[in-house]
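Peer 1: Per my numbering, the sequence shown starts with residue 5, numbered consecutively.
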Amino acid sequence: MTKMPVERIILIGYRGTGKTSVARLLAARLGYEWVDADDYLERRAGLTVREIFQQEGETGFRDREEKVLAELCGRANLVLATGGGAILRASNRVRLREAGLVIWLKADAETIWSRLQADSTTVDRRPALTSFGGVAEIRQLLSVREPLYQECGEVAIDTIGRNPQEIATIIQQELVARASP
Ligand code: S3P
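1) Which ranges would you report for the beta strand (DSSP E) in the stretch 57 to 138 if only whole runs of at least 3 residues count?
2) Just how far apart, CA to CA, sit E150 and G50?
3) DSSP state of R12, grouped into three classes?
4) Count the C-beta pairs between the stretch 24 to 35 and the stretch 110 to 130 that are closer than 8 Å, then say yes if the count reaches three, no if not.
5) Please classify I164 as buried or exposed, where buried requires at least 16 other C-beta atoms within 10 Å of its C-beta.
6) Rounded to a whole number of angstroms, what is the C-alpha to C-alpha distance between N96 and L76?
7) Determine the DSSP secondary structure at E37, reduced to helix, strand or coil.
8) With a threshold of 16 other CB atoms inside 10 Å of the CB of A27, please say whether the residue is buried or exposed.
9) Between the stretch 102 to 120 and the stretch 11 to 28, can you find at least three pairs of beta-carbon atoms closer than 8 Å?
10) Can you tell which of D43, R101, V148, S135 has the C-alpha that lies nearest to the C-alpha of G157?
11) Should F136 go down as buried or exposed, given a rule of 16 or more other Cβ atoms within 10 Å for buried?
12) Please list, in chain order, all residues of the same chain as A111 whose beta carbon is under 6 Å from its beta carbon, the five residues on each side excluded.
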């Protein structure tokens, strides 16, 4: 018996692991819609993530994020790129797992740091998350978050040395394997 196709592919992982680029590519290949949860949240709020952090603090942002994820998990044929901290709330982890195939895009702190420095949108779009800053912040947050990414993700893909096309291909192979009888 052929299994049902996966209705939603959900990408989790730290900033700079390629979630948005992979979501865009994968959706085009599958003929699915793709949404970046942060972009969607910003359009809805009429504010940037940075402004929301400034005005409402991280808790205000996380409340908005939880609502947006709940809404987006209702859409079918979707590739969803989540924000790096989406896995912090247990309610989100459960919801994402129930909604579809959750894929954790992995990288180590040094690789993430060099990717973020090369990304010109980092300063505008990415508020500091701790007082450490730089690679120390990434190391500190990864130590807290990696068990949560692990718990939420059904599949983990190492992004080091792989471009978004290659990562999208690995995900497609995973989907084919899952659809086989
Ligand atoms: C965050 C990551 C960001 C954004 C917000 C908080 C985090 O998303 O949701 O700045 O806590 O790691 P990206 O992973 O898309 O940069």
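Note that CB positions come from ideal geometry on N, CA and C, so glycine has one too.
In this text the structure is predicted, and so the values were computed from the model without any measurement.
Peer 2: The structure says:
1) 82 to 85, 105 to 110
2) As a first step, residue 150 must be located in the sequence shown, where it is residue number 146. As a first step, residue 50 must be located in the sequence shown, where it is residue number 46. Cα to Cα, E150 sits roughly 31 Å from G50.
3) Here residue 12 is taken as the residue at index 8 of the sequence shown, counted from 1. In this structure, R12 counts as strand in the three-state DSSP scheme.
4) Touching, no.
5) Here the question's residue 164 lines up with position 160 in the sequence shown. Label assigned to I164: exposed.
6) For the purposes of this step, residue 96 is identified with residue 92 of the sequence shown, where counting begins at 1. For the purposes of this step, residue 76 is identified with residue 72 of the sequence shown, where counting begins at 1. When rounded, the distance between both Cα atoms is 12 Å.
7) Translated into positions along the sequence shown, residue 37 becomes position 33. Of the three classes helix, strand and coil, the one that applies to E37 here is strand, per DSSP.
8) Position 23 of the sequence shown, counting from 1, holds the residue named residue 27. So A27 ends up on the buried side.
9) yes
10) Locating residue 157 in the sequence shown gives position 153, where the first residue counts as 1. That would be R101, whose Cα lies nearest to the Cα of G157.
11) Taking the sequence shown and counting its residues from 1, one reaches residue 136 at position 132. With fewer than 16 Cβ atoms within 10 Å of its Cβ, F136 is classed as exposed.
12) Locating residue 111 in the sequence shown gives position 107, counting from the first residue. Correct list, in chain order: T21, T163, I164.
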